[in-house]
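Residue numbers (the working numbering): 2 to 334.
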């Protein structure tokens with residue numbers, strides 16, 4: 002996040018590089034940087050003749066280089082943005098010659114999503130020397146809550162701990178998706194507001210009582226009644242509670258619980274570090290470990306794999322997800 006701020010600050014201050022290569026598994030920051038360049042490097046009058054957006058599926062490296070080597074018209078510079086450049090992964094190294102001697106009056110932006118650039122090859126080294134190389138790394142789940150807080154703080158908002166966890170548990174680590182939901186909340190709520198689970202339930206539609214976060218907790222505590230109520234709620238609202246998401250979250254939980262059982266050091270700090278979880282969740286694993294032995298956890302993981310296959314239509318005779326979840330609960334308990 003600090004690196005992104007620095008890139009944006011440099012551009013604002015007129016320290017603009019002729020070549021930006023943005024790559025990595027997390028598309029959110031790639032989009033943020035490229036959109037900032039698209040909106041701010043040229044004036045509206047200059048954009049008509051001097052700003053071009055190309056797409057990886059529809060272009061070639063030769064086309065990109067040809068456009069990048071053009072001179073701007075009635076402007077100090079031109080901007081060429083290549084979106085979905087990962088579609089050119091087989092030929093991307095052909096940009097080496099241009100990267101070694103980029104056109105100083107062009108700002109070339111390559112958006113290379115979901116992939117890494119090989120650090121051993123010439124292109125990486127050439128861009129590093131003559132341009133800006135930015136890797137957008139995927140955040141772990143235990144890092145997203147802190148990211149949420151920073152983003153909201155920058156907009157003049159705060160968020161309760163449970164509300165942040167509720168968003169992460171239900172939306173995963175997709176920063177673009179989370180950002181869209183945060184935009185909804187900040188449009189509705191006045192500045193200086195603290196976002197709570199009630200706000201999330203009312204404006205985003207994630208129930209604060211009946212969600213995967215509460216289901217995981219109920220199963221960990223071996224609370225059969227509460228878990229059954231949540232499963233029944235999921236049955237009545239299948240679109241808001243996809244079967245595959247529930248199975249994935251439970252599979253991750255029990256896989257981490259198995260790892261917990263194998264740790265020699267069960268101190269909160271070590272558990273949070275080893276499992277890559279928010280320290281807030283350590284207590285859940287401590288409780289669940291008392292209710293499920295290592296042997297039971299291994300068996301549950303097998304059941305989850307079986308349910309995942311049934312959910313995909315393998316050996317399930319088209320059973321609805323609600324019945325599969327009820328069967329899963331019976332096997333767990």
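Just so you know, even glycine gets a beta-carbon here, dropped at the ideal spot from N, CA and C.
Next on the checklist: Tell me the DSSP secondary structure of residue 84 in three-state form.
Outcome noted: In the chain shown, counting from the first residue as 1, residue 84 sits at position 83. Of the three classes helix, strand and coil, the one that applies to residue 84 here is strand, per DSSP.
*First through last residue of the alpha helix (DSSP H) which encompasses residue 97*: Translated into positions along the chain shown, residue 97 becomes position 96. Its alpha helix (DSSP H) spans residues 97 to 101.
Exercise. Whose C-alpha, out of 17, 57, 216 and 26, is nearest the C-alpha of residue 41?
Worked result: Position 40 of the chain shown, counted from the first residue, corresponds to residue 41. When each option's Cα is compared against that of residue 41, the closest is 17.
Q: Drop a sphere of 10 angstroms on the beta-carbon of residue 200, count the other beta-carbons inside from all chains shown, and report buried for 16 or more, exposed for fewer.
A: Residue numbering aside, residue 200 sits at position 199 when the chain shown is read from its first letter. Buried is the call here.
Query raised in the report: Do you know whose CA, among 104, 97, 140 and 106, lies nearest residue 119's CA?
Result: As a first step, residue 119 is located in the chain shown; it is residue number 118 there, counting from the start. Answer by Cα proximity: 97.
Practice task
May I ask which residues mark the beginning and end of the alpha helix (DSSP H) holding residue 136?
Solution key: Position 135 of the chain shown, counted from the start, is the residue given in the question as residue 136. It is not in any alpha helix (DSSP H) - residue 136 instead sits in the beta strand (DSSP E) that spans 133 to 136.
**Study point:** Contiguous alpha helix (DSSP H) assignments of at least 4 residues, all confined to the segment 145 to 199
**Key:** 162 to 172 and 176 to 189
- request: Out of 43, 309 and 87, state which residue places its alpha-carbon closest to the alpha-carbon of residue 249.
  value: In the chain shown, residue 249 corresponds to position 248, counting from 1. If we check each option's Cα against that of residue 249, 309 comes out closest.
- Task: List the residues that DSSP assigns as beta-bridge partners of residue 111.
- Result: Counted from its first residue, the chain shown places residue 111 at position 110. Answer is 22 and 83, bridged to residue 111.
**Item:** Ordered list of alpha helix (DSSP H) runs contained in the segment 240 to 292, each at least 4 residues
**Value:** 244 to 262, 269 to 276 and 283 to 292
*asked:* Using only the alpha-carbon positions, how far apart do residue 264 and residue 107 sit?
replied: In the chain shown, counting from the first residue as 1, residue 264 sits at position 263. In the chain shown, counting from the first residue as 1, residue 107 sits at position 106. So the alpha carbons of these two residues sit roughly 54 Å apart.
Inset, instruction - In the DSSP assignment, find the beta strand (DSSP E) that holds residue 52 and state where it starts and stops. - result: Residue numbering aside, residue 52 sits at position 51 when the chain shown is read from its first letter. It spans 52 to 56 - the beta strand (DSSP E) in which residue 52 sits, taken as one unbroken run.
| request: Report yes or no: do the segment 144 to 158 and the segment 180 to 198 share at least 3 C-beta pairs separated by less than 8 Å? | output: yes
(message) Taking the straight line between their C-alpha atoms, what separation do you get for residue 286 and residue 153?
(response) Numbered from 1 along the chain shown, position 285 holds the residue referred to as residue 286. Numbered from 1 along the chain shown, position 152 holds the residue referred to as residue 153. The straight-line gap from Cα to Cα measures roughly 29 Å.
Discussion item. On the DSSP letters alone, give me the boundaries of the alpha helix (DSSP H) that residue 306 sits inside.
Written reply: Indexing the chain shown from 1 puts residue 306 at position 305. Here the alpha helix (DSSP H) through residue 306 covers 295 to 312.
Residue range of the alpha helix (DSSP H) that residue 104 falls in?
Numbered from 1 along the chain shown, position 103 holds the residue referred to as residue 104. Careful: residue 104 lies outside any alpha helix (DSSP H) and carries neither H nor E.
| Comparing alpha-carbon positions, which option in 7, 65, 330 and 46 lies nearest residue 133? | On the chain shown, residue 133 is found 132 positions in, with the first residue counted as 1. Taking only the C-alpha atoms, the option nearest residue 133 is 7.
C-alpha distance - residue 12 paired with residue 225, whole-angstrom precision:
Counting from one through the chain shown, the residue named residue 12 turns up at place 11. Counting from one through the chain shown, the residue named residue 225 turns up at place 224. Straight-line spacing of the CA atoms in residue 12 and residue 225 works out to 56 Å.
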